[in-house]
Amino acid sequence: RPVDKDLNRKIRKRDNYTCQMCKKKKRPIALEIHHIQRWADAPMLRYAESNLITLCKKCHKSIRGKEVYYQAYFAEILYGNKKRK
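Numbered according to this note's numbering, the sequence shown terminates at residue 114, and the numbering increases by one at each position without gaps.
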């Protein structure tokens, strides 16, 4: 379920090439874009920047199958990041 390459780059840049869970700055190749509301559950948000967040591969793997429990947490991170800018 790839996100368009330009959007992928834009989200990584927005998140300062930093995993938003562990806060470690990573090379772009080590980062993945996560859909806060699952791809299958929210087709209207698949390409919405407000539904995308940068995670490192390790953190992304750690939340698989538990995505619903992280939705509010990730939304809070994005809102907090937006407020600081």
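Ideal placement from N, C-alpha and C gives every residue a C-beta, glycine not left out. Bear in mind the structure is a predicted one, so any value in this text is a computation, not a measurement.
Tell me whether residue i is buried or exposed, calling it buried when 16 or more other Cβ atoms sit within 10 Å of its Cβ.
i: Asn45; result: exposed
Suppose the cutoff is 8 angstroms on Cβ atoms and the five residues either side in sequence are ignored; what does the same chain contact list for residue i look like?
i: Arg41; result: Pro57, Leu60, Ile62 and Thr83
i: Cys115; result: Any question about residue 115 goes unanswered here, given that the chain covers just 30 to 114.
i: Lys55; result: Tyr46, Thr47, Cys48 and Cys85
Hey, residue i and residue j are a contact pair by Cβ (cut 8 angstroms); roughly how many whole angstroms apart?
i: Gln49; j: Gln100; result: At roughly 13 angstroms, the Cβ-Cβ gap does not stay under 8 angstroms, so Gln49 and Gln100 are not in contact.
i: Leu115; j: Tyr76; result: Outside the displayed span of the chain (30 to 114) sits residue 115, for which this structure offers no information.
Leaving out the 5 sequence neighbours to the left and right, which residues in its chain are closer than 6 angstroms to residue i when beta-carbon positions are compared?
i: Glu96; result: Arg67
Notebook entry, point to check: Would you say the segment 51–65 touches the segment 86–97, given that touching needs at least three Cβ pairs under 8 angstroms?
Noted result: yes
**Prompt:** Where are the beta strand (DSSP E) runs, 3 residues long or more, that stay fully inside the segment 62–110, in chain order?
**Reply:** Complete beta strand (DSSP E) runs here, min 3: 81–85.
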